[in-house]
Amino acid sequence: MTTQGVQALHLRHPAFRAFIERFPLYLRTRPLDELRARDFGRLDEQAQVYLDYTGACPCPASLIERHREILLGGTFGNPHSRHDPASASTRLLQRARADVLRYFHADPAEYLVIFTANASGALRLVGEAYPFDGDAEFLLTADNHNSVHGIREYAARRGAAIRYIPSLPGSLRAEDISTHLTAARAGGNRLLAYPAQSNFSGLQHPLEWIAVARDRGYEVLLDAAAFAPTNRLDLARIQPDFVVLSFYKMFGYPTGIGALIARRAALGKLIRPSFSGGTVKMVSTLLRSHALRDDEAAFEDGTVNYLALPAVSSGLEFISAIGIDTIHRRVTVLTNHLLERLRDLRHACGRPAVELYGDTAPSPRGGAIAFNLRDPAGVYLDYEAVERRAAREGIALRSGCFCNPGAGEAALSHSPILVAECLRRSGPAQDPARYRACMSHAGKSMGAVRASLGMASNFSDVHRFLEFLEGLLDRPAAELTA
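Just so we're aligned, residue -3 is where the sequence shown starts under the numbering used here, counting upward by one.
Structure follows, in structure tokens:
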């Protein structure tokens, strides 16, 4: 379908002209309509409204075809071997590393790329190897993915101090970081971890924190998994010590590959707790000694997913051809439009139907919106029931706390006293159903609904989603969970 054809389809919506008058910038993103027809046409063929881009980007058809051509056009072997098929794989591996550094403007003299199974795997590498001890500190925002929170267990076992930067009530933005940075201590290792963009609310935390923290003697771990798909990340301008991401969130394919982009100096501080195949240059069973590799391979356990790595290079080429700024512009416009409409949704009695979480100002934020629905009496609609009902109408949403308990607790106004009481009532096994019942009894929700936009999103997606929500107005919560 041509751009003109897609625009004609949009014009069937009476609201489209008003939308364009309000957001004329949308017309500058028309190449994405051609992209949708070419690479994501199955969304329209199957009448799917996909609004879970923070969970994963759907795979573009052309990336699948390009990867097929590469695999069938060569013979590839384990890159740890030395024959021609192994050398072919090694060249593709080296190209993928170079392409990742080039895309993020990372100087190869300063940064290395370590391929992992996903962003969580990259975070585990840092957590298990960071030199936490009794003089060390782990500072992190409450607004973080569970895979970042999990690093605190490594820190705790080694006696390091663990401190959280709370989220501000209402806006969910983190408190001023400068008040949480401690003075440098000789020999004390200190790690700050935070997301460039919240996977819960879509709020973006200041990248300027990186320089501030590093000037105070901290290493900085930046979770860019939710940020990189729709925003430019320039490591020549901002210079975190560690960056983690997953490529399927950026361009849908391949799954099962993430990366840790690490400064060479920071990587040199990490102390791996073990070794495995591919990570060592020498091992002796007689002397029980080993020597790790001197490069990124020291952190890549076993054999990398060498057949999938060409798809990483193709994906970065794909997103570069589209233009990350074009994607950012489209997502920003649609997100602002959706936020405006959600704020305006009301029941016939005048009560707001949507409870939005986090600062709803136009920027800085990404394309994820977290919210709950309330019925005319103010009772929460079951967020899981909303997701199920949406799925029956071909709308893909996400419900829960999105593996981000810190943002969820702040958004839903959970107090330490209430959490402690509900944990007690949940029993020794901490039964989630009993915990949720306790929260519900206190008038609190345990989770939310998240709609998130991405490179293939268009006006029609948002329009259909809003029509779905309008169909829930003026109905009691009990009716929707029956």
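The beta-carbon is built from N, C-alpha and C at its ideal position, and this holds for glycine as well.
Can you list, in chain order, the residues of its chain with a C-beta nearer than 6 Å to that of L479? Leave out the 5 residues immediately preceding and following it. As shown, the chain starts at -3 and ends at 478. That puts residue 479 outside it, with no answer to give.
Within 10 angstroms of its Cβ, does V240 collect 16 or more other Cβ (buried), or is it exposed? So V240 ends up on the buried side.
Out of curiosity, what's the CA-to-CA distance linking L330 and V122? About 36 Å.
Looking at the structure shown, is H286 part of a helix, part of a strand, or coil, going by DSSP? Strand, per DSSP.
DSSP-derived helix/strand/coil call for P10: P10 falls in the helix class under three-state DSSP.
Sorted by chain position, which residues of the same chain lie with C-beta nearer than 6 Å to L305's C-beta, five sequence neighbours on each side aside? Only L88, L89, A92 meet the Cβ criterion.
Residues in the same chain with beta-carbon distance under 6 Å from Q44, minus the five sequence neighbours each way, listed in chain order, please. If the five residues before and after Q44 are omitted, its C-beta is found closer than 6 Å to the C-beta atoms of G390, all from its own chain and listed in chain order.
Close Cβ partners of N227 (< 8 Å) along its chain, the five nearest in sequence each way excluded: Result list for N227: A192, Q193, Q200, I320, H324, G362, in chain order.
A438 versus L47 - alpha carbon distance: Computed Cα separation, rounded: 31 Å.
Can you tell me whether DSSP reads F464 as helix, strand or coil? Looking at F464 - three-state DSSP - the assignment turns out to be helix.
What residue from T175, S453, A258 has the CA that sits closest to P104's CA? The closest CA to that of P104, considering only T175, S453, A258, is found on A258.
Who are I161's beta bridge partners in DSSP? T137.
Can you give me the Cβ contacts of P75 inside the same chain, cut-off strictly under 6 Å, excluding the 5 residues immediately before and after it? Only A82, S85, T86, L89, Y302 meet the Cβ criterion.
I'd like to confirm the pairing. Which residues does DSSP put opposite S242 in its beta bridges? Its beta-bridge partners are G254.
Contact belief for F196 with A366 at Cβ below 8 Å, rounded distance in angstroms: About 6 Å; that satisfies the 8 Å criterion.
Assign H79 to one of two classes, buried (16 or more other C-beta atoms within 10 Å of its C-beta) or exposed (fewer than that). Residue environment analysis places H79 among the exposed positions, since fewer than 16 neighbouring C-beta atoms fall within 10 angstroms of its C-beta.
Report the residue ranges of all beta strand (DSSP E) runs contained in full by the stretch 278 to 349; include only those spanning at least 3 residues, in chain order. If we require 3 residues or more, the beta strand (DSSP E) runs fully inside the stretch 278 to 349 come out as 285 to 288.
Tell me the DSSP bridge mates of P191? D219.
Distance check for A403 and Y431, CA to CA, integer angstroms please. So the alpha carbons of these two residues sit roughly 18 Å apart.
Around the Cβ of K277, are there at least 16 other Cβ atoms within 10 angstroms (buried) or fewer (exposed)? K277 comes out exposed.
Note down the Cα distance separating R471 from V382, rounded to an integer number of angstroms. Their Cα atoms are separated by approximately 13 Å.
Tell me the start and end of each unbroken alpha helix (DSSP H) in the stretch 394 to 444 that is at least 4 residues and wholly inside, in chain order. Given a length threshold of 4 residues, each whole run of the alpha helix (DSSP H) inside the stretch 394 to 444 is given here in chain order: 401 to 407, 412 to 421, 428 to 437.
For Y107, tell me which candidate among I253, R34, A261, D290 has the shortest Cα-Cα distance. Selected option, being the one with the closest Cα: A261.
Cβ neighbour criterion (16 or more within 10 Å) applied to L283: Exposed is the label assigned to L283, since fewer than 16 other Cβ atoms lie within 10 Å of its Cβ.
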